[in-house]
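So the sequence shown is numbered by the working numbering: it starts at 48 and just counts up by one.
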Amino acid sequence: HVQFTFTAPPPPSHILSVDTTPISGVPFTIKEGIEVSYASPWSGSLEEVTYQIAMPDTVTDGEETYKFVSWEDGSTSRVRNVDLTTDIAITATYEVAPPPKPLCFIATAAYGSPFASELNVLKQFRDQCLPDKLVHVYYKTGPYLAQFIKSRKAIKRYVRTALNLFVKMIKCQQ
């Protein structure tokens with residue numbers, strides 16, 4: 048009497064490569080049952096199943112914050128499913144995110160309060176009319192200018208008068 052033991056062959060496996068552009072070192076997760084964290088660029092051999100890949104919405108690299116834009120296939124959800132039936136390489140694209148919209152530094156210094164009604168008009172103008180690069184420069188230099196203005200009464204009055212005229216011009220255009 049001869050006894051045979053059959054074992055199933057191991058499931059097929061394929062190479063999954065995950066990259067990001069224009070930055071690297073972006074943390075992400077791969078989930079199939081359990082969730083495992085990696086950083087881009089990453090490549091590994093995985094069993095042939097469906098995996099969920101999740102990229103962060105934003106990531107900071109040095110002084111820049113990047114925002115997720117899309118995958119190489121054009122999909123814009125930062126979480127995607129990959130049916131790993133063959134070797135596959137996927138790439139997540141990020142772009143520099145505009146800085147958050149904090150207080151109007153200079154106007155706050157000139158008016159002496161972050162709650163002056165004129166600030167709403169100025170913030171709206173900044174958010175809708177100014178190019179991101181100019182706003183970025185303002186965020187870098189504005190706090191220093193605000194300190195300078197805040198400590199000098201005559202300059203504070205002059206800047207407030209100029210801003211009042213500017214606010215009136217903006218309101219006339221609306």
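C-beta atoms are modelled at their ideal positions from N, C-alpha and C, and glycine is treated no differently.
Going by C-alpha to C-alpha distance, which of the options sits closest to residue i?
i    : options                   : result
I254 : E165, T97 and T188        : Residue coverage of the chain in this structure runs from 48 to 221, which leaves residue 254 outside it and unanswerable.
L131 : V182, S117 and E95        : E95
G109 : T155, T133 and I70        : I70
T107 : S124, A136, G72 and Y186  : G72
L210 : E111, L93, E79 and K170   : K170
T155 : P145, Q220, V129 and K203 : K203
Buried or exposed: residue i, going by 16 or more other Cβ atoms within 10 Å of its Cβ?
i    : result
F115 : buried
I81  : exposed
F162 : exposed
M102 : buried
I62  : exposed
S90  : exposed
V184 : exposed
L166 : buried
Give me the Cα-Cα distance between residue i and residue j, rounded to the nearest whole angstrom.
i    : j    : result
I100 : L181 : 35 Å
F195 : L177 : 23 Å
S87  : V49  : 52 Å
R199 : G159 : 12 Å
V214 : G189 : 18 Å
R173 : S117 : 27 Å
Less than 9 Å between CB atoms is the rule here; does residue i satisfy it with respect to chain C?
i    : result
A139 : This model lacks chain C altogether; it includes just one protein chain.
Residue i and residue j: beta carbons closer than 9 Å?
i    : j    : result
I153 : A193 : yes
T140 : E119 : yes
A157 : V206 : yes
R125 : D104 : yes
Y113 : V143 : yes
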